[in-house]
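So the structure is just underneath, and the comments pick up after that.
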Amino acid sequence: MRICVFLSAADLDDRYTHPAREFAELLGKGGHTLVWGGSDVGLMKVVADGVQEAGGRLCGVSVDFLVATARAGADEMVVARDLAERKRLLLEKSDAVVIMVGGTGTLDEATEILELKKHGHTDKPVVLLNTAGFYDGLKEQFRRMEDEGFLPVPLTDLVFFAEEAVGALAYLEESQGIE
């Protein structure tokens, strides 16, 4: 499976890097391909290292203004003109999406894939990996949107909330018929 991971390129502490590394190792050991923003810094590097060291493949999608931080040695690296093209390519090249901890860029990517799902433009499984409760507030906001009629489809049809790496990957593999 080609799994797109939206996540931060920031250097973060162990409460975020350790679970990210765990997910990356599971992804690599499962023979999956990481599709990610292509950066070789911060949490993006942690995940790419973990996938590659565990035997998985790397498909990066960088962007012109960040190409200096692109990972050398990825199995595939594409450079997009801008962030909109980058998001489009990340989704085109993947079978599923995992949203990990991140800032405004990650949130932008997350809401775009959920909007596409809401309108039936994709049926890719999406997991929000809620490491260390990072997305508790967002989860609450999504539930409020559902409860108050802002979502025309059930929240469970849009996103699966996982608290741990093993649950995130198990959900994706099950959704794709992988045992």
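In this note's numbering, the protein residues as written are 5 to 183. Glycine included, C-beta positions come from ideal geometry on N, C-alpha and C. All values reported here derive from a predicted model rather than from experimental measurement.
- In chain order, what residues of the same chain lie with their CB nearer than 7 angstroms to the CB of residue 120, ignoring the 5 residues before and after it? 126
- Where does residue 149 land, buried or exposed, given buried means 16+ other C-beta within 10 angstroms? exposed
- In angstroms with no decimal places, state the Cα-to-Cα distance between residue 6 and residue 154. 31 angstroms
- Task: Ignore the nearest five residues each way along the sequence and tell me which others in residue 91's own chain have a CB closer than 7 angstroms to its CB.
- Result: 113, 116
- Counting only runs that start and end within the region 43-82, where is the alpha helix (DSSP H) found for 4 or more residues in a row? 46-57
- Task: Check whether the Cβ atoms of residue 172 and residue 10 sit closer than 8 angstroms, and answer yes or no.
- Result: no
- Task: Check whether the region 27-38 touches the region 66-77, taking contact to mean three or more Cβ pairs, one atom from each stretch, closer than 8 angstroms.
- Result: no
- Give the single residue among 59, 64, 108, 178 whose Cα lies nearest to the Cα of residue 76. 64
- State whether the region 154-163 contacts the region 37-54, with contact taken as three or more CB pairs (one from each stretch) at a distance under 8 angstroms. no
- Item | Backbone CA spacing between residue 176 and residue 134 [nearest angstrom] | 15 angstroms
- Do you know how far the Cα of residue 88 is from the Cα of residue 97? 14 angstroms
- Task: Would you give the residue range spanned by the alpha helix (DSSP H) that residue 132 belongs to?
- Result: Per DSSP, residue 132 belongs to no alpha helix (DSSP H); it is in the beta strand (DSSP E), 130-133.
- Task: Could you pull the start and end residues of the beta strand (DSSP E) that residue 136 belongs to?
- Result: Note, residue 136: premise wrong, no beta strand (DSSP E); not H, not E.
- Message: What does the alpha-carbon distance come out to for the pair residue 79 and residue 23?
- Response: 24 angstroms
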